[in-house]
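Working notes for the structure below.
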Amino acid sequence: EQLYDKLEAFPDDFKSEVLNYQDSPSPEALERIVNGLLKYHAGDTFEALKTAHGNDVRLVEDLEFDSLALIEISFHAEEFLGLIIHIEDFGGINTLGDLLKYLNDRVFTPPSISG
Numbered sequence: 004e005q006l007y008d009k010l011e012a013f014p015d016d017f018k019s020e021v022l023n024y025q026d027s028p029s030p031e032a033l034e035r036i037v038n039g040l041l042k043y044h045a046g047d048t049f050e051a052l053k054t055a056h057g058n059d060v061r062l063v064e065d066l067e068f069d070s071l072a073l074i075e076i077s078f079h080a081e082e083f084l085g086l087i088i089h090i091e092d093f094g095g096i097n098t099l100g101d102l103l104k105y106l107n108d109r110v111f112t113p114p115s116i117s118g
């Protein structure tokens, strides 16, 4: 119920994606959630740029996200995906593709065992 309260401002289809992800995480579901978050923050601009450039959409240059928007996205990622993105991690994340790779690596790649 607490998660549902945090989703209140989001569209119903996004809420469903997040709730389904909680039950059955997958890289495809993660991508839909990330796309939904970026659309929530950038609106129709995201849709147009995603159509034109795919995962090469740049977060700062194209979507004009400032540090506040990136912090909000990192908070939402923590709430909806269960992982923390430190603001300094955004230094190496320039595009939607970079963000998806970063999140997929954090969620779906097992840590390597060094010995």
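Position one of the sequence shown corresponds to residue 4 (this note's numbering), numbered consecutively onward.
The beta carbon of each residue, even a glycine, is placed where N, CA and C say it ideally should be.
How about residue i and residue j: do their beta carbons lie closer than 8 Å?
{"i": "L37", "j": "L86", "result": "In the sequence as presented, Leu is not what sits at residue 37; that position holds Val. Contact: no."}
{"i": "E34", "j": "L84", "result": "no"}
Thinking residue i and residue j are a contact (beta carbons under 8 Å), I'd like their distance in whole angstroms, please.
{"i": "D69", "j": "L52", "result": "No, D69 and L52 are not in contact; Cβ-Cβ is about 17 Å, not under 8 Å."}
{"i": "E31", "j": "K42", "result": "The Cβ separation is near 16 Å, so there is no contact."}
{"i": "H44", "j": "E75", "result": "7 Å"}
{"i": "K73", "j": "N97", "result": "According to the sequence provided, residue 73 is Leu. The question's Lys does not apply to it. Incorrect: roughly 12 Å between the Cβ atoms, too far for contact."}
{"i": "H79", "j": "L22", "result": "Actually they are not in contact, since the Cβ atoms of H79 and L22 sit about 14 Å apart, beyond 8 Å."}
Determine the extent of the alpha helix (DSSP H) in which residue i is found, giving its start and end residues.
{"i": "S70", "result": "70 to 84"}
{"i": "R109", "result": "99 to 111"}
{"i": "S19", "result": "15 to 26"}
{"i": "N38", "result": "30 to 45"}
{"i": "D92", "result": "It is not in any alpha helix (DSSP H) - D92 carries neither H nor E in the DSSP assignment."}
{"i": "L6", "result": "5 to 9"}
Can you give me the C-alpha to C-alpha distance between residue i and residue j, rounded to a whole angstrom?
{"i": "V60", "j": "Q5", "result": "32 Å"}
{"i": "H56", "j": "G100", "result": "11 Å"}
{"i": "E67", "j": "I116", "result": "39 Å"}
{"i": "S77", "j": "A12", "result": "17 Å"}
{"i": "E82", "j": "Q25", "result": "11 Å"}
{"i": "D15", "j": "G46", "result": "15 Å"}
{"i": "F17", "j": "S29", "result": "15 Å"}
{"i": "D8", "j": "F93", "result": "27 Å"}
{"i": "T163", "j": "L10", "result": "Nothing can be reported for residue 163, as the shown portion of the chain is limited to 4 through 118."}
Buried or exposed: which applies to residue i, given that a residue is buried once 16 or more other Cβ atoms fall within 10 Å of its Cβ?
{"i": "L71", "result": "exposed"}
{"i": "F111", "result": "exposed"}
{"i": "I90", "result": "exposed"}
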